[in-house]
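Single-structure report; data block below.
Number of protein chains: 2
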Amino acid sequence: MTRNAPIRRRSDCPLSIGLEIFGDKWTLLILRDLMLKKLQTFKQFQDSGESIATNVLSDRLERLQKQGIVTAARSSVDARVVTYHPTAKGLDLLPVLVEIVLWSARHEKTAAPPKLIEKMTRDKEGFIQELRGRFSVS
Amino acid sequence: MTRNAPIRRRSDCPLSIGLEIFGDKWTLLILRDLMLKKLQTFKQFQDSGESIATNVLSDRLERLQKQGIVTAARSSVDARVVTYHPTAKGLDLLPVLVEIVLWSARHEKTAAPPKLIEKMTRDKEGFIQELRGRFSVS
DNA sequence: CAGGATCCGTTTCGATACTG
DNA sequence: CAGTATCGAAACGGATCCTG
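These protein sequence lines are chains A and B, in that order. Quick note on this note's numbering: the first sequence kicks off at 3 and runs consecutively. Quick note on this note's numbering: the second sequence kicks off at 3 and runs consecutively.
See below:
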């Protein structure tokens, strides 16, 4: 137990990147669905384009909660439904998501919704602020 | 076998994100090392903090080349050494990397090099342009 | 010695079936 | 609708080998 420090200082400057989040395909897709597509429920994530397995979805949502990036709450309208929302920490991921989407739109030949891309490009900050407002963190 | 019928639900709004790149932990680390830490060789990547297995490193570098994000060339100085460089497509990833680093610096409790972070924050565009210049794509 | 390929035991992931 | 259990498939790490 007194096994001491791992000393992973092989190199100079860490420049850490949040691998828990960005290193995982599904996590990234969930965040996009949550913040850019404004999806909220388990089912909506499940049906959103790429088919994610339920256990994986469950697992990733749990991790995101543990990391304080999303919160879950039962819908006041329908008690069966759980709705997920981004926290402030989660909303801070918007710039990353926007840059990723912009890069993908430019370099991958996927059908991208041009209106949205154009808006992101023209007024990145405004676009992000608008989304932030929409989620009105308590 | 006959595992087809992927049910590709041509969903409403794709908003694609480059999963080949962003969904993978190691790829992301290599890109950071390449563009932000300015590492160039197989060995440097290998020794850079996180210990990546050689087979994995090899695999990711190959993928990145296939995607036109990095190029490989033998060093003119030492013929044994292969140096890797970002392409224009790769350099376009800089904004994403910067946003990821900034988010991580703010929300994860890792030792971040404050000078660099400060500069990124204060003059994001300038920082990116400076790096672009450093790689001088032919 | 640098870059990378290959083999292999182990861990992790994820597609289904199933349940509260 | 939201989430677990099962179990095969894939990825990983680590050692080793190969080629200039």
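Just so you know, even glycine gets a beta-carbon here, dropped at the ideal spot from N, CA and C. Here the structure is a predicted model, which means the values were calculated and not measured.
Segments assigned beta strand (DSSP E), at least 3 residues, entirely inside the segment 73 to 106 of chain A | DSSP assignment within the segment 73 to 106 of chain A yields the following whole beta strand (DSSP E) runs of 3 residues or more, N-terminal first: 84 to 88.
With a 10 Å radius around its C-beta and 16 neighbouring C-beta atoms as the bar for buried, classify D61 (chain B) as buried or exposed.
-> That one is exposed.
Unbroken alpha helix (DSSP H) run spanning Q67 (chain A), endpoints = Here the alpha helix (DSSP H) through Q67 (chain A) covers T56 to K68.
Are the segment 97 to 106 of chain B and the segment 122 to 134 of chain B touching by the rule of at least three beta carbon pairs closer than 8 Å?
-> In short, these stretches touch, since the Cβ pair count reaches three.
Quick one, are the C-beta atoms of G20 (chain A) and I32 (chain B) less than 8 Å apart?
-> Cβ distance not < 8 Å, so G20 (chain A) and I32 (chain B) don't count as in contact.
Where does T26 (chain A) fall in DSSP's three states?
-> Note that residue 26 (chain A) corresponds to Asp in the displayed sequence, not to Thr. In this structure, DSSP gives D26 (chain A) an extended state, which the three-state scheme calls strand.
Consult DSSP for K123 (chain A) and reduce its assignment to one of helix, strand or coil.
-> In the sequence as presented, Lys is not what sits at residue 123 (chain A); that position holds Thr. Correct three-state label for T123 (chain A): helix.
Check the C-beta distance from V58 (chain B) over to L66 (chain B) and give it rounded, since I have them as a contact under 8 Å.
-> For a cut-off of 8 Å, the C-beta gap from V58 (chain B) to L66 (chain B) is around 13 Å, too long to register as a contact.
Looking only at C-alpha atoms, which of A:T89, A:S77, A:V83 and A:A75 sits nearest to Q69 (chain A)?
-> The shortest C-alpha separation from Q69 (chain A) is found at A:T89.
Counted within 10 angstroms of its Cβ, other Cβ atoms place Q112 (chain A) as buried (16 or more) or exposed | The sequence as given places Thr at residue 112 (chain A); Gln does not occur at that position. Exposed is the label assigned to T112 (chain A), since fewer than 16 other Cβ atoms lie within 10 Å of its Cβ.
C-alpha gap between P116 (chain B) and K39 (chain B), whole angstroms | Distance from the CA atom of P116 (chain B) to the CA atom of K39 (chain B), rounded to whole angstroms, is 15 Å.
Rounded separation between M122 (chain B) and L104 (chain B) - CA only = So the alpha carbons of these two residues sit roughly 8 Å apart.
So with Cβ pairs under 8 Å, would you call I102 (chain B) a contact of chain A?
-> At a cut-off of 8 Å between beta carbons, I102 (chain B) contacts chain A.
Is A107 (chain A) buried or exposed, if buried means 16 or more other CB atoms sit within 10 Å of its CB?
-> With 16 or more Cβ atoms within 10 Å of its Cβ, A107 (chain A) is classed as buried.
Could you list which residues in chain A have their beta carbon closer than 7 Å to that of S106 (chain B), in chain order?
-> Simply S18, I19 and G20.
H109 (chain B) beta carbon less than 8 Å from that of K126 (chain A) | The criterion of a C-beta distance shorter than 8 Å is not satisfied by K126 (chain A) and H109 (chain B).
Limits of the unbroken alpha helix (DSSP H) element including Q46 (chain A) = First-last of the alpha helix (DSSP H) with Q46 (chain A): F44 to D49.
Would you say R124 (chain A) faces chain B, with C-beta separation under 8 Å as the test?
-> For R124 (chain A), the answer is no, since every Cβ of chain B falls outside 8 Å of its Cβ.
Apart from the five residues just before and just after T85 (chain A), which ones in its own chain have a Cβ nearer than 7 Å to its Cβ?
-> Residues Q42, T43, A75 and S77 of the same chain have their beta carbon placed closer than 7 Å to that of T85 (chain A), with the five preceding and five following residues left out of the count.
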